[in-house]
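Numbering (the numbering used here), first residue to last: 277 to 523.
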């Protein structure tokens, strides 16, 4: 039996004392899980009379209670999980990284490699009983040339594992505009809070600090999904020759 999963991802540059980072994050669920989450988010909108985007950049004291309940939708879902991937753009390994041994690697090739690694660790061990749909927010990783490159890498990996006749396991949908997609806005909010909590620094905004604390408290209370999977997972980019993947 084949199970279809969906990943709703977002990206941002994050700065801390260690330099500049590219952080990628995504909500993982099934198609039924997505419907369940979106219904719950719609209820939050109705309860708080919300018409604006519920993104990390827009967090304020005026809507802090609504943001906490918005975040609670993720933690209250029995199966949803969130994955964060950190690439240290200021680190020596990233600066020395040369995809395809090019003397001047393109930015697209390097970042495509980071996105590929993020997806691989998020999806977990290879299984021919799983199919994945990926819905990136509008941005660098939603560009056709980048998605085609990552999709090629993925399906080559799966065909090596399961044979040349294996059907496409990874499918990239068109980017979702976060302005009209509540689940992408949820991913953005979770990414902002988890990145600050994991990488620092603590936000100067009182409302954002409160939301980071709320994230940490909820995660401590509900660290696992109903199936016993980690509710939150974090990963660090490493060069491909250092990357270890559980098959």
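Using N, Cα and C, we set each Cβ at its ideal position, and we do this for glycine too.
| request: Check whether the region 359-370 touches the region 295-309, counting contact only when three or more Cβ pairs, one atom from each stretch, lie closer than 8 angstroms. | output: yes
| Alpha carbon of residue 424 to alpha carbon of residue 506, nearest angstrom | 30 angstroms
| request: Verify whether the separation of the beta carbon atoms of residue 324 and residue 466 is less than 8 angstroms. | output: no
| query | Rounded C-beta distance between residue 462 and residue 346? I'm assuming under 8 angstroms. | reply | 7 angstroms
| residue 430 CB to nearest heavy atom of the ligand FAD below 7 angstroms | This structure simply doesn't include the ligand FAD, nor any ligand for that matter.
| Which ranges does the alpha helix (DSSP H) cover as unbroken runs of at least 4 residues, wholly within the region 327-375, from first to last along the chain? | 340-352, 368-372
| field | Residue range of the unbroken beta strand (DSSP E) whose run includes residue 518 | value | Careful: residue 518 lies outside any beta strand (DSSP E) and carries neither H nor E.
| query | Can you name the residues that DSSP bridges to residue 508? | reply | 358
| query | Could you give the residue range of the beta strand (DSSP E) that holds residue 481? | reply | Note, residue 481: premise wrong, no beta strand (DSSP E); not H, not E.
| task | Per DSSP, which residues does residue 490 bridge with? Please list them. | result | According to DSSP, which records beta bridges pairwise, residue 490 is partnered with nothing at all.
| field | Local conformation of residue 405 per DSSP, three classes | value | coil
| query | Smallest Cα separation from residue 353: which of 509, 520, 390, 499? | reply | 499
| message | Does any residue of chain B have a CB that is nearer than 8 angstroms to the CB of residue 502? | response | Chain labels in this structure do not include chain B; a single protein chain is all it has.
| said: Output needed for residue 426: all residues of its chain with C-beta closer than 6 angstroms, excluding positions within five of it in sequence on either side, in chain order. | reply: 388, 391, 392
| field | residue 287 to residue 457 span [Cα, whole Å] | value | 15 angstroms
| task | On the DSSP bridge assignment, give the partners of residue 292 in chain order. | result | 295
| request: Please look up how many angstroms separate the CB atoms of residue 344 and residue 487, rounded, as I've assumed it's under 8 angstroms. | output: 7 angstroms
| field | Where residue 386 sits in the DSSP three-state scheme | value | helix
| message | If you reduce the DSSP assignment to three classes, tell me which class residue 456 lands in. | response | helix
| request: Can you tell me which of 292, 340, 320 puts its alpha carbon nearest to the alpha carbon of residue 484? | output: 340
| said: Just to confirm before moving on: does the CB-CB distance between residue 526 and residue 398 stay below 8 angstroms? | reply: Residue 526 is absent from the structure shown; the chain starts at 277 and stops at 523.
| request: Less than 8 angstroms between the CB atoms is what I'm expecting for residue 408 and residue 281, so what's the real figure, rounded? | output: 5 angstroms
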